[in-house]
Amino acid sequence: MRDLALLSNWAIAIFAVGGIAIVPGFMNAFLVSSLLMDLRPAHGALVRYPGISIFVAAYNEAASIAATLKSIERQDYPGSIEVTVIDDGSTDATFDIVTALCFPWLTILRQPTNLGKSAALNRALASAHFDLIVTLDADSILYADALKNLVERFAADPVNTRAVAGTMLVHNSRASWVTRMQEWDYFHGIAAIKRIQSLYHGTLVAQGAFSLYDRQTLRDVGGWVDCVGEDIVLSWAILSAGWRIGHAEDAMCFTNVPVKLQQFVRQRQRWARGMMEAFRRHSHILLEPRMSTMFVWWNVFFPWLDLAYTLCLIPGTVLALFGIYWVVGPLTILLLPLSLLLNGVMYHVSAGMFKSHGLHVRWNPVGFALYAFVYSLILQPACVAGYLSELLGLRKSWGTK
């Protein structure tokens, strides 16, 4: 750090070294210790399972919507369900495919034009009959006990819980090198972070792809807002109202992730913009005296860390290869053992959950190598682009089709 400060100034040195070594080091240590002491009580069977309303917003999902609905049909959920598919102005055969399925619990609503996911979900909310709402993406497949485990976790969590996030995993992992990387991110990284947040009663996002919500709470906070990160903004509205969000690590849903690099970059830009939208709409959450506030502040560091990685770590690594250690040096190297330990613990936790359900962890060394050495080179610059797009007010688009 001293060498870099002499070449520039102390502000730049603290920004660079703090962003690529010091803060990530503390974060990794916290993650490892938290995973090792995760002793949350397991949920159990209920005497009576409540009815649930499932919303599936679909836009041009002819290739996947039938498999999604058939996965609902295979659920072992003991209670009543109703499923509402909202065809959001599709121009393909989505409407015809859903209509032909003829499941007794299935209703389809048709939007005359593509009004957006938020409008579709809000329309379904207005006519839902049950007190528990589940949102499910139209390209996702539920594991057989997903709904049962999601509802049991909701019932077992503290009484102030108003939403529970399921666990998202990759369904199309063999489609391309991009999906192989994402398989490890979902299985290895995202699942572990959600687990830790739940341990501290600090789950920040009930993702729209598969989550459960209390119907009255959804109506109280105004439902889904029309923005690129509607699930993030909704989650923070629930937190701002004083409620809690939980996480069910054993409520598994397998989703189709972006296959092409450009689609992946646009998706992560959208996620980054969604976080900025949530901060803008619910900035007061930073001052709430509760456990989840710690993780909100954790998110505050992300733009700094992503920017430091993009502007400092990548060029600093290139310089280090030529013996110039202005940015990447011994302090950065000291993070490697901690990172290896963190990855080992994360794998052990996720693999244990998989095996408890009779699932096999697929051997994917190419995907893991890409995840370990290439993923961040793509992810962090994409996030930075998303932050800048939101700050500059650039045009918003879904961007993953």
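Mapped onto the numbering used here, the consecutive letters of the sequence shown carry residue numbers 50 to 450. Cβ atoms here follow ideal geometry from the backbone N, Cα and C, with glycine treated the same way.
Quiz item: How big is the Cα-Cα spacing for F79 and A65?
Solution: For F79 and A65, the distance between alpha carbons rounds to 21 Å.
Quiz prompt | Any chain C beta carbon closer than 8 Å to L181 | solution = In the structure shown, chain C does not exist; there is a single protein chain.
Exercise. Per DSSP, which residues does L181 bridge with? Please list them.
Key: Within the DSSP bridge table, the entry for L181 names I101 and D263 as partners.
Self-check item: Whole runs of the alpha helix (DSSP H) within the region 179-217, excluding any shorter than 4 residues
Solution: 195-205, all fully within the region 179-217.
Quiz item: Just how far apart, CA to CA, sit A431 and P352?
Solution: The alpha-carbon atoms of A431 and P352 are separated by roughly 11 Å.
Exercise. Kindly give me the distance between the Cβ atoms of A224 and V308, rounded to whole angstroms, as I take these residues to be in contact under 8 Å.
Key: Taking the Cβ atoms as the reference, A224 lies roughly 5 Å from V308, within the contact range of under 8 Å.
Quiz item: So does the region 203-215 actually touch the region 89-103, counting three or more Cβ pairs closer than 8 Å?
Solution: Two segments are said to touch when three or more pairs of C-beta atoms, one from each, lie closer than 8 Å; by this definition the region 203-215 touches the region 89-103.
Practice problem: Could you name the residues of the same chain whose beta carbon sits closer than 7 Å to that of R123, not counting the 5 residues immediately before and after it, in chain order? | Solution: Hits under 7 Å: A193.
Self-check item: Residue nearest to V81 in terms of C-alpha spacing, selected from T342, R444, I242 and L181
Solution: Checked all of T342, R444, I242 and L181; the closest Cα to V81 is I242.
Exercise. Let me know the secondary structure DSSP gives R444 once reduced to three states.
Key: Reduced to three states, the DSSP call for R444 is coil.
Quiz item: Quick one, are the C-beta atoms of L158 and R264 less than 8 Å apart?
Solution: The criterion of a C-beta distance shorter than 8 Å is not satisfied by L158 and R264.
Exercise. Compare the C-alpha of V72 against each of W347, E439, V398 and G272 and name the closest.
Key: Of the listed residues, the one whose Cα sits closest to V72 is W347.
Exercise. Mind reading off the beta-carbon distance from A214 to T252? Whole number of angstroms is fine, and I expect it under 8 Å.
Key: Rounded, the Cβ-Cβ distance is 6 Å, consistent with contact.
Quiz prompt | Paired residues, beta bridge with A293 - DSSP | solution = For the sequence presented, residue 293 should be read as Arg rather than Ala. Per the DSSP secondary-structure output, R293 pairs in a beta bridge with T210.
Quiz prompt | Residue burial classification, K119 (beta-carbon count within 10 angstroms, cutoff 16) | solution = With fewer than 16 other CB atoms across the displayed protein chains lying within 10 angstroms of its CB, K119 is exposed.
Quiz item: On the premise that T184 lies in contact with L170, defined as a C-beta separation below 8 Å, what is that separation, rounded to the nearest angstrom?
Solution: Indeed they touch by this definition, with Cβ atoms about 7 Å apart.
Quiz item: What whole-angstrom Cβ distance do I190 and T133 have, given they're in contact under 8 Å?
Solution: Your pair I190 and T133 does not check out as a contact, with CB atoms roughly 19 Å apart and the cut at 8 Å.
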